[in-house]
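In this text, residue positions in the first sequence follow full-length UniProt numbering: the first is 1, and each later residue adds one.
Virtual Cβ for every residue (Gly too), placed ideally from N, Cα, C.
First up is the structure itself, then whatever we jot down about it.
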Amino acid sequence: MSRNFMRSSSWNFLQLARYGRTANHSQFSSSNIFFHLEEDDLSGEDTSSLADSQEDFDSAILFGMLRGNVVGLRYYSGVVNNNEMVALQREPNNQYDRNAVKVNNVNGEQVGHIKKELAAALAHILDQKMAKIEGVVPYGAQNAFTMPVNLSFWGRAENKQAVLDHMMKYGFRLGPIPNSLQLGHGSAKSKSERAGPSYRAPILPAVQMTTEQLKTEFDKLFEDLKEDDKTQELEPAETIGTQLLSHQKQALSWMVSRENTEELPPFWEERNHLYYNTLTNFAEKQKPENVRGGILADDMGLGKTLSVIALILTNFYDGRPFPTKKIKKQELAESDVLKSNMSQKQFKAAKKTELSTDSRKESETLSQEASSSRPKRQKARKTKYTYSSASEEDEAWLPRKVKAPAECTLHDDDLFANALFGLPTAVRKKKNKKGVTVSQSISKAGPEGQRRTTLIICPLSVLSNWIDQFEQHIKPEVHLNIYIYYGPERTKDPKVLSDQDVVVTTYSVLSSDYGSRSESPLHKVKWLRVVLDEGHTIRNPNAQQTQAVLSLEAQRRWILTGTPIQNSLKDLWSLICFLKLKPFTDREWWHRTIQRPVTTGEDGGLCRLQALIKNITLRRTKTSKIRGRPVLDLPERKVFIQHVELSEEERQIYESLKNEGKAVISRYVSEGTILSHYADVLAVLVRLRQLCCHPFLVSSALSSITTTADSTPGDVREKLVQKIKLVLSSGSDEECAICLDSLNMPVITYCAHVFCKPCICQVIQHEKINALMHALVDQRRKDATVKSIVVSQFTSFLSVIEVALRESGFMFTRLDGSMTQKKRTEAIQSFQRPDAQSPTIMLLSLKAGGVGLNLTAASRVFLMDPAWNPAAEEQCFDRCHRLGQTKKVIVTKFVVRNSVEENMLKIQSKKRELAAGAFGKKKSSSSQLKQARIEDIRTLVDL
DNA sequence: ACCGCCGGGTGCC
DNA sequence: ACCGCCGGGTGCC
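Here it is, written out as structure tokens:
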């Protein structure tokens, strides 16, 4: 565990403080802090605990190059082009030579072996991971028996000499490869049909870009995206009952075209009847499968969910919308009118389909489908859902009424899910009715049955939101079958799933299914489409959850995320893998062609990355403009920082705690043991921050006063009880830190400070809370309908605030990490209600709920204590400043003057820079990280 | 000749 | 491999 701990990034460390808050008691216990840190690590916040080779990749420098030979070509089927990249792979179990090193082409097919004398030298280096060795075949690609290979050795600077020495021992000298050797013989090109263009010599280690440069480039990367030509709009299918905003129609158009495109994926060209990859110079006969999907990276609150729902219904099958009902004669007239409304794009797509399948019949059906109008519900139910001219294939796609075994219907799960998410009764009723309609594929539909089902994977916190939005945006008469794959009653039968139109599940369910012995039905279905909501949750490629997602079988793949790159370029890799972008699904090619060129500032690296992102990503921010007008007409948002002075008494306690902490920390610093005393240091910091919020938070008395579940864990409490007994029994003459008199009704803090109970209670009456209550009362007087969110990282602080709110007669509700999903949903729904009985204040714990939480009923946000990570604060503001907000949003951040909080603001702005610059940034060495952490701590306590 | 030379067989690791 | 290497056949010039 300590290993994990030491490796975690400083960001991760900083997050810990927030995490500690999630468990109400952890601030009292260093072991708890540790526990949560580790948990956080494992849950994928940090990817540095990956294989060491991963780290080596990032900090690698070029040691030198060497010309070697690939032998045994005639025994293997893998072929290469001149200048094509090849991969080296150790083969320790080779029966002829345990030093064997295989040479594979970009596709992973073996080309040959490294000649044994050289392999003998390389084996040790590869096995010990002293260097990563990359190969390029400079010429002679079509040789029959052997071919040359240029090897480049990459690794950490500290390994360079050892590698050079080792190679020297075997008689190989590494050096730069002269251009004369590099380009090979003039005849090489003419001999080969597969030969690519002449290729420049591998670029020698380029000048490392500064963080600032990279940041600028990174910003540009996405800036430029906004200005490209993804401005086509597409009207959604008739089945969508909601009018889409312009940018949503653009998203729809882009997504539909991404799903139906026949274009080659980025960096592939057709040459001489072969498909040629311009990055690796790899070529093959087989057309690389196109990425039917991409990344919808719109900012939060732009309506990604609605865009996807529209996509599902609009591009349900072969570029056609979700089929609806029979066309009746009198409706045909109407449909002619509607036909003219059919967008150009839709029509083109239709034509294209017609051409490709060469089926006139289908095209007739199509125009009817596209223009079908609304039937009366009754009729629709009686109808057999057929078109007069529907082809057999089409028929298979129509919803039909079938008997379904009880356990296969939606009832049970729906009921369960509805209970779980607290969906309103009306919805439940409707669902039950709907539930009996289960679509059934017909075996004739295709060799493996046509795919029809979209799988949506999302965090639990937004699951109910998906369901709500389907209800809200799809016309009620449309029989779209949705299955919530969640809860103990979920089906085990893949057939049940593949008979749905949409299946919604969560990452954790998917992951636990994947990890369990019995086979996961989710992994047996051949999905039409898989949608990852909050798709950056798969950014740790080693997490089981990521593996579970990557092993899903689907034709169309979508990632929804507001933050495609969170920490570094590495984050993008899992996403690319999910999209099955060849050849990047192999980490080596990703690194050699994109990641390393970008991080080392190699020629064109950023251009490549940009070309890649541009191809697969659509991103708009809230400030993006369409035809000169903002995408969203969001009301203004203002952020105020409200400084608060500590009262005399508070200041006294604060200073004494701070000095105590400073003494401890500076001792650690001078001893150089600060990092091994992290838990202690953190405890000090947390106490200081809590004190800024409210002195009571650092008092053990809290547990006996608040009525909520907040409590000190038994053992710690016991320890404190012992201590106070000791203080009392020993007749200690300790004095109260507040009144400086002898103790009267003593209470003890975790840090073993002792106060008089009346003294500390008096403190509560003073600043802070005071600032908040003043603002709230003031607000209520001006406009009682305005709702507010009060945010803190400390649930115990929220509990204190609760008391104050009750005293002033506020209606409030609360959302924190300890609540069940059902209770959370209840809290949100009651808060969002517009009626007079609805609470006007939401107490929100900073990390609870995560992204996607919609609290647009509120237009005021009070941030009681600054967060370590500025992004977390932003996210918090976005919960109410998003689509659906009608009022001006005012955010107030309370910051205590001359305190750890002010220092945190400083660190925040530093972090903000880092976050932007971390993209592509060379990973700091662990010693640098340590130093940075120490610096952070010193800033915080003014050391 | 316990050599050199010739030419056939042969061929990754 | 239009090579190198191996080992058998062979042997003045």
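By the criterion of at least three beta-carbon pairs nearer than 8 Å, the region 878-896 is in contact with the region 630-650. When DSSP states are grouped into helix, strand and coil, residue 626 belongs to the strand group. Within a 10 Å sphere around the beta-carbon of residue 273 sit fewer than 16 other beta-carbons, which makes this residue exposed. DSSP, reduced to helix, strand and coil, places residue 615 within a helical segment of the structure shown. As DSSP reads the structure, residue 638 sits in a beta bridge with 890.
Boundaries of the alpha helix (DSSP H) around residue 666: 648-671. By the Cβ rule, the region 296-306 does not count as touching the region 511-521, because fewer than three pairs are nearer than 8 Å. Per the Cβ contact rule, the region 466-483 is in contact with the region 236-245 (3 or more Cβ pairs under 8 Å).
For residue 276, there is no enclosing alpha helix (DSSP H); the residue is part of the beta strand (DSSP E) that begins and ends at 274-277. Its Cα nearest to that of residue 793, the residue 815 stands out among 815, 553, 110, 618. Assigned with DSSP and collapsed to three states, residue 135 falls in strand.
For residue 817, the CB contacts under 7 Å within the same chain, skipping 5 residues up- and downstream, are 22, 845, 847, 848 in chain order.
Per DSSP, residue 255 lies in no beta strand (DSSP E); the unbroken alpha helix (DSSP H) holding it starts and ends at 246-260. DSSP places residue 620 outside both helix and strand once states are collapsed to three, so it counts as coil. Residue state for residue 831 is assigned as helix, using DSSP reduced to three classes. In the pairwise beta carbon analysis, the region 607-627 is classified as touching the region 243-258: at least three pairs are separated by under 8 Å.
Around the CB of residue 836, fewer than 16 other CB atoms lie within 10 Å, so the residue is classed as exposed. Residue environment analysis places residue 501 among the buried positions, since at least 16 neighbouring C-beta atoms fall within 10 angstroms of its C-beta. Note on geometry: alpha-carbon atoms of residue 269 and residue 276 lie some 5 Å from one another. In this structure, 662 is the residue among 784, 319, 662, 829 with its C-alpha nearest to the C-alpha of residue 934. Less than 8 Å divides the Cβ of residue 119 from the Cβ of residue 113. Rounded to whole angstroms, the gap between the alpha carbons of residue 73 and residue 97 is 17 Å.
Secondary structure note for residue 124: its alpha helix (DSSP H) is the uninterrupted segment 116-127. In its chain, beyond the 5 residues on either side, 250, 254, 618 have a beta carbon closer than 7 Å to the beta carbon of residue 230. Closest in alpha carbon position to residue 159, among 132, 138, 147, is 132.
Residue pairing from DSSP places residue 153 in a beta bridge opposite 64, 133. DSSP, read as helix, strand or coil, puts residue 787 in strand. Assigned with DSSP and collapsed to three states, residue 112 falls in strand.
Residue pairing from DSSP places residue 505 in a beta bridge opposite 457. Under DSSP, residue 69 shares a beta bridge with 148.
Its chain contains 85, 150 as the residues whose beta carbon lies nearer than 6 Å to that of residue 136, once the 5 sequence neighbours on both sides are disregarded; these appear in chain order. By the neighbour-count criterion, in which 16 or more other beta carbons inside 10 Å mark a residue as buried, residue 777 falls on the exposed side. For a cut-off of 8 Å, the C-beta gap from residue 571 to residue 458 is around 19 Å, too long to register as a contact. By the CB criterion at 8 Å, residue 900 and residue 692 fall inside the cutoff. Of the candidates 492, 67, 279, 467, the residue whose Cα lies closest to the Cα of residue 481 is 467.
The shortest C-alpha to C-alpha distance from residue 100 to any of 107, 686, 91 is the one to 91.
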